[in-house]
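Numbering (this note's numbering), first residue to last: 194 to 1396.
Here's the structure, in structure tokens; my notes come after.
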């Protein structure tokens, strides 16, 4: 009941009531040790986890039983174990049981060692993380210990560039007002700096190490959960209670930046921390073919049992009739009955036919997987020479599934983009400057603006025409444009080694300030109410009157300053849609700037408009008085301030526009285009803001301007329409989902390409990721009072399925502001409702859960550490290598494995089904037709090598053609090369080959053909065996498309080994030594030297080959060519046109995209104007000197409170 109320309130927009049951007492480990919780039956464990993590699956004690348990999930292993148990009974045994146990042990050992090696890597990674050093308060001083030693309630000291070891409450820091700057790239993919701030009371009270050691506050908060962006709790200290939220919390995995020292109280440790709650568990991955093989093993085994049962029943009837007819032999059957004979024959046939599923196939399977993995590792086309990183197949059992991917789920930052912002172009007063404008030249090495020693020589932007205009200093609009770049921002500046170091809240804001610096307008210093700038070498100080902060609704920021001459000026920058609507007039320059914005947007640059105006003293005085009144309001403060901001930001004069490139990784647009042509859908799941993700979507050609973008409002309408259809129409669910979307969507929408864009909050309503949504509840139904009430669980499932159907009908999907757990749940939804093969690719810890959940996980060796690589199945250095991994290696691996399976089954059925036909002519006894050595060597030496060559090297088209024609990839997605139909055809093909080989030989031997006396059982067996063997070899030769030296050697080796082992096992000397083992003395020599026998073999070979040749000829005549043949014709007659990657922007499309408004965090302007983020004079140096004096952590002063 409580869960229902909680969820209902949440979905209605109410904040869920706090469930504060987690108590943390500072500096009191003994308090937390007394609490236990149940975790299985009556077993208990500590309620408060320690900080050590364990992501490995096994340990010394659990490896053997757990790994064997996992391997016995493969039906083939259970089948082989069953056959070995049958072989232990001498009455029905055909081979000693240990001869079968040895290959099974080898198979289990190979797979076990592979799993062990993978797990050792996880142990090493865990050990490395758990042994990271940190400073923990112990008694009254800080001591260096390891991450694993941290416990809930400990106080930890962190220094600049340290990673946060656990979820901690920030107590104080060396920064003014106890601010703390963190980078959350490993959590949400953003490299923008975020600030956290301690409570005022702890900032003021905890001013020394002694005061920190004496801190005895108690934190009461919610239980550990996976919600990354929320925290609710309260601090009780000295009789007072203080509210806590996520702005006070440092999450595990964050990196401390621009903060020398900070102190935190551990709230959640180890697996209770939010990032670990989002990481998910290691999942045992099996390919689609593995699952199918498990089902086929069951089917074959059941068919085998039915055949054995039928033959056993027949043997019982035959034995009874034989005994009745030959009663004089009754003494031989004194101790047996027909029923008993039938019983033993049943198991005898079961053992005899068990080799239809050969163990050697699975051992060869593993070898093919291993070699194909080496091909990936050795591919120089996927080697990244810049960082010396090759591609690596970390898993060797998933290669064929790389050829069947239908959905790719990609991270954005570090995977698609480099997260480097580069100032590329600008439009000032009707002139476009920058790259590709026709008047830029490459900047000479060592040259640059001569007026500033601060210029960044590495800046890519260089335009001599603009430099000349800046030096002449005759254009007032240009002067104001550059002045705005140097003044209107929230960047902090420090001087290090006589160099200015900028610390920006977003990388694009830093790019703008750097561009101004290179053009002579250098931002030098900032105080609470002034900004100092060097303008072409002249230092000028501006008084800051007000900073009009950014928020996501305003999409702009402004700064109101008084220049040294006393003039009040407003400088504004923001999204073009909001700036252009607030201009004083629209003249030719404004029209040209709009055209330039279209041009920049067409090149997928992040655009930004700049404007200014002069404010007279009287207007400012009135506005300032109202501004101060609004600033101190207790209610509706934000709304009143927004009204004042809106009032000030009117009648602006447009100065120009900037264009910044969010640098993609090399080859990303081309790779996505190829993947889309291969019928692979790419979804982007990112923790970044929606507009930033959309901009990157356009840049990498995932989104195009002819797409209809479906956002949350439109999505809700479509899902509601489906909901009405479901509740009002009595039809099956499948009918609903197959027709609902196109019936309910507008006509225009049906025929347009669509893209779906949602954020994490919207997904929460569908995926129910939060603990407050544990129980599925009504969401769309609450908005439609007329809907019939349905069970909450069924309703949640319907909403999920409707959303997945809508999303998968779109050409592109972007999910923004999603947590790691939400990424995983999105992947799970697609796997659940579409039964599709998925691939996840990312580079950070925030992608680990998604990588583990997807069928294939690919880790990028990126800037965010190696967490993703360590949990991945394949590791690449760049996103662009994904096209070769899938379209070449994946497709080839799928082709090779499928042909290998097809022909292994074919040769097994063709050679061994003759045992069944022989039973009809041997009194239904379980007597083997073939020599025992032929049965033992048939799948190991005689026919294995040509099939192995096909599994290792087979190609239908070259790597170049595979990339030129990604349409070939569809074959794997449709399971065309190996499915139940193909298996059925293979079975029939094998049976027909065995029938022809057996009955042609039987017909000939019944007529007593031959010039010698060769009508014996041994010669007959040799004739059938040789006919089947040669038919299999010829069939493989005909279907091999890619011949190499190894292919010729393998076929030759099979023929030679057949001759060699036939000679060795059938020699007279071997028979004399062990007649019970070598039972066919000189059988091959007698049979195969007879010309009539050779003619019988030739006849069988022709009869078995004619059907395959006939089918191939029929397909050629009737035009039923394969996709590969069609593509060869296409390359010959219709060369494929090159893919056009540049979008053609129309005025009605989404073309103006602002960079600044999309990647900045609200609140920095307030920090600056309050002075919270600014050090008092001398404070910084004093703090640093204290830190430098600390050879051991015995600092007596932490910070100086701001005045």
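Cβ atoms here follow ideal geometry from the backbone N, Cα and C, with glycine treated the same way.
- Residues bridged to residue 947 (per DSSP): Here residue 947 is taken as the residue at index 754 of the chain shown, counted from 1. Under DSSP, residue 947 forms a beta bridge with 901.
- To the nearest whole angstrom, what separates the beta carbons of residue 732 and residue 755, a pair I think is in contact under 8 Å? Taking the chain shown and counting its residues from 1, one reaches residue 732 at position 539. Taking the chain shown and counting its residues from 1, one reaches residue 755 at position 562. Contact flag wrong, Cβ pair sits at about 16 Å.
- Selected residue, minimal CA-CA separation from residue 395, among 369, 697, 752 and 1292: Counting from one through the chain shown, the residue named residue 395 turns up at place 202. Checked all of 369, 697, 752 and 1292; the closest Cα to residue 395 is 369.
- Measuring alpha carbon to alpha carbon, tell me which of 1199, 1310, 1143 and 1187 ends up nearest residue 1231. For the purposes of this step, residue 1231 is taken as residue 1038 along the chain shown, with counting starting at 1. It is 1143.
- Item | Under the three-state DSSP convention, the category residue 427 falls into | In the chain shown, counting from the first residue as 1, residue 427 sits at position 234. Strand, per DSSP.
- Endpoints, alpha helix (DSSP H) assigned at residue 1183: Within the chain shown, residue 1183 is the residue found at index 990, counting from 1. Following the DSSP letters along the chain, one finds residue 1183 inside the alpha helix (DSSP H) bounded by residues 1173–1199.
- Cβ contact check for the stretch 679–686 and the stretch 707–724: 3 or more pairs under 8 Å: The stretch 679–686 is in contact with the stretch 707–724.
- Message: For the pair the stretch 846–860 and the stretch 780–797, tell me if three or more CB-CB distances fall below 8 Å.
- Response: Counting C-beta pairs with one atom in each stretch, the stretch 846–860 and the stretch 780–797 have three or more that are closer than 8 Å, which means they touch.
- Message: Measuring straight from C-alpha to C-alpha, what distance separates residue 695 and residue 687?
- Response: Counting from 1 along the chain shown, the entry for residue 695 is found at position 502. Counting from 1 along the chain shown, the entry for residue 687 is found at position 494. Going from the Cα of residue 695 to the Cα of residue 687 covers about 7 Å.
- Task: Assign residue 262 to one of two classes, buried (16 or more other C-beta atoms within 10 Å of its C-beta) or exposed (fewer than that).
- Result: The count along the chain shown starts at 1 and reaches residue 262 at position 69. Residue 262 is exposed by the Cβ-count criterion.
- Task: Hey, could you find the ends of the beta strand (DSSP E) residue 238 is sitting in?
- Result: Taking the first residue of the chain shown as position 1, residue 238 is located at position 45. 236–239 is the extent of the beta strand (DSSP E) around residue 238.
- Message: Under 8 Å: do the stretch 858–876 and the stretch 807–820 share three or more Cβ pairs, one atom per stretch?
- Response: Judged by Cβ distances under 8 Å, the stretch 858–876 makes no contact with the stretch 807–820, as fewer than three pairs qualify.
- Report the three-state DSSP secondary structure of residue 612 (helix, strand or coil). Taking the first residue of the chain shown as position 1, residue 612 is located at position 419. In the three-state reduction of the DSSP assignment, residue 612 falls in the strand class.
- Query: Roughly how many whole angstroms lie between the Cα atoms of residue 623 and residue 879?
  - Reply: The residue you call residue 623 lines up with position 430 of the chain shown. The residue you call residue 879 lines up with position 686 of the chain shown. The straight-line gap from Cα to Cα measures roughly 37 Å.
- Message: Please report the straight-line C-alpha distance between residue 450 and residue 392, rounded to a whole angstrom.
- Response: Numbered from its first residue, the chain shown carries residue 450 at position 257. Numbered from its first residue, the chain shown carries residue 392 at position 199. Rounded to the nearest angstrom, the two C-alpha atoms are 20 Å apart.
- Message: Can you look up residue 354 in the DSSP assignment and give me helix, strand or coil?
- Response: Here residue 354 refers to the residue found at position 161 when the chain shown is read from its first residue. It is coil, neither helix nor strand.
- Tell me whether residue 634 sits in a helix, a strand or coil according to DSSP, three-state version. Here residue 634 refers to the residue found at position 441 when the chain shown is read from its first residue. Residue placement at residue 634 cannot be trusted, given a pLDDT of 46 that sits under 50; what the coordinates show is reported in the next sentence. DSSP places residue 634 in coil when its eight states are reduced to three.
- Query: For residue 362, which residues does DSSP report across the bridge?
  - Reply: Here residue 362 refers to the residue found at position 169 of the chain shown. Per DSSP, 442 and 458.
- Within the same chain, show all residues whose beta-carbon is closer than 8 Å to that of residue 1145, passing over the 5 residues directly before and after it, in chain order. Numbered from 1 along the chain shown, position 952 holds the residue referred to as residue 1145. Around residue 1145: 561, 564, 565, 1089 and 1239.
- Query: Between 1136, 1219 and 1294, which lies nearest to residue 557 when the distance is taken from Cα to Cα?
  - Reply: Sequence index remark: in the chain shown, residue 557 carries index 364 (1-based). The shortest Cα separation from residue 557 among 1136, 1219 and 1294 belongs to 1136.
- Task: Mark residue 325 as exposed unless 16 or more other C-beta atoms lie within 10 angstroms of its C-beta, in which case mark it buried.
- Result: Stepping through the chain shown from its first residue, residue 325 is reached at position 132. Exposed.
- Enumerate, from N- to C-terminal direction, the unbroken alpha helix (DSSP H) stretches of 4 or more residues contained entirely within the stretch 853–892. Listed in chain order, they are 861–870 and 883–892.
- Message: Quick check on residue 798: does DSSP put it in helix, strand or coil?
- Response: What you label residue 798 is simply residue 605 of the chain shown in a count that begins at 1. The answer is coil: DSSP assigns residue 798 none of H, G, I, E or B.
- Query: Would DSSP call residue 1267 helix, strand or coil?
  - Reply: Reading the chain shown from its first residue, position 1074 is the one you call residue 1267. Residue 1267 falls in the coil class under three-state DSSP.
- Task: Using 10 angstroms around the beta-carbon of residue 1196, count the other beta-carbons present and answer buried if the total reaches 16, otherwise exposed.
- Result: Taking the first residue of the chain shown as 1, we reach residue 1196 at position 1003. By the 16-neighbour rule on beta-carbons within 10 angstroms, residue 1196 is exposed.
- Return the CA-CA distance between residue 1332 and residue 1158, expressed in angstroms with no decimal places. Sequence index remark: in the chain shown, residue 1332 carries index 1139 (1-based). Sequence index remark: in the chain shown, residue 1158 carries index 965 (1-based). Because the pLDDT of residue 1332 is 36, which lies under 50, any placement of that residue in the model is unreliable, and the question is left without a value.
- Message: Could you tell me the alpha carbon to alpha carbon distance between residue 399 and residue 342, rounded to whole angstroms?
- Response: If you number the chain shown from 1, residue 399 lands on position 206. If you number the chain shown from 1, residue 342 lands on position 149. One C-alpha to the other measures close to 24 Å.
- Contacts around residue 773, its chain only, beta-carbon distance under 6 Å, and the 5 residues preceding and following it disregarded: Looking up residue 773 in the chain shown gives position 580. Listed in chain order, the non-local C-beta contacts of residue 773 below 6 Å within the same chain number zero, local neighbours out to five positions each way being set aside.
- Task: Let me know if residue 996 comes out buried or exposed under the rule of 16 or more other beta-carbons within 10 Å of its beta-carbon.
- Result: On the chain shown, position 803 is the one that residue 996 refers to. Sixteen is the threshold: when 16 or more other Cβ atoms of the shown chains lie within 10 Å of the Cβ of residue 996, as they do, the residue is buried.
- Message: Using 8 Å for Cβ pairs, my map puts residue 610 next to residue 889. What's the rounded Cβ distance?
- Response: Here residue 610 refers to the residue found at position 417 when the chain shown is read from its first residue. Here residue 889 refers to the residue found at position 696 when the chain shown is read from its first residue. Right, the Cβ-Cβ distance comes to about 6 Å (below 8 Å), so this counts as a contact.
- Query: DSSP three-state call for residue 1398: helix, strand or coil?
  - Reply: In the structure as shown, the chain starts at 194 and stops at 1396, and residue 1398 therefore has no counterpart that could be examined.
- Message: Rounding to the nearest angstrom, what Cα-Cα distance links residue 267 and residue 487 in this structure?
- Response: For this step, residue 267 is matched to residue 74 along the chain shown. For this step, residue 487 is matched to residue 294 along the chain shown. Residue 267 and residue 487: Cα-Cα distance of roughly 6 Å.
- Query: What whole-angstrom Cβ distance do residue 1216 and residue 1299 have, given they're in contact under 8 Å?
  - Reply: Stepping through the chain shown from its first residue, residue 1216 is reached at position 1023. Stepping through the chain shown from its first residue, residue 1299 is reached at position 1106. The Cβ separation is near 19 Å, so there is no contact.
- Task: Check whether the Cβ atoms of residue 678 and residue 705 lie closer than 7 Å to each other.
- Result: Stepping through the chain shown from its first residue, residue 678 is reached at position 485. Stepping through the chain shown from its first residue, residue 705 is reached at position 512. Their beta carbons are under 7 Å apart, which means residue 678 touches residue 705 by this criterion.
- Task: Can you have a look at residue 689 and say buried or exposed, based on whether 16 or more other CB atoms are within 10 angstroms of its CB?
- Result: The count along the chain shown starts at 1 and reaches residue 689 at position 496. Residue 689 is exposed by the Cβ-count criterion.
- Using a Cβ-Cβ cut-off of 6 Å (strictly less than) and excluding sequence neighbours within five positions of residue 1106, which residues of its own chain qualify? Counted from its first residue, the chain shown places residue 1106 at position 913. For residue 1106, where only same-chain residues beyond five positions count, the Cβ hits under 6 Å are 1184 and 1187.
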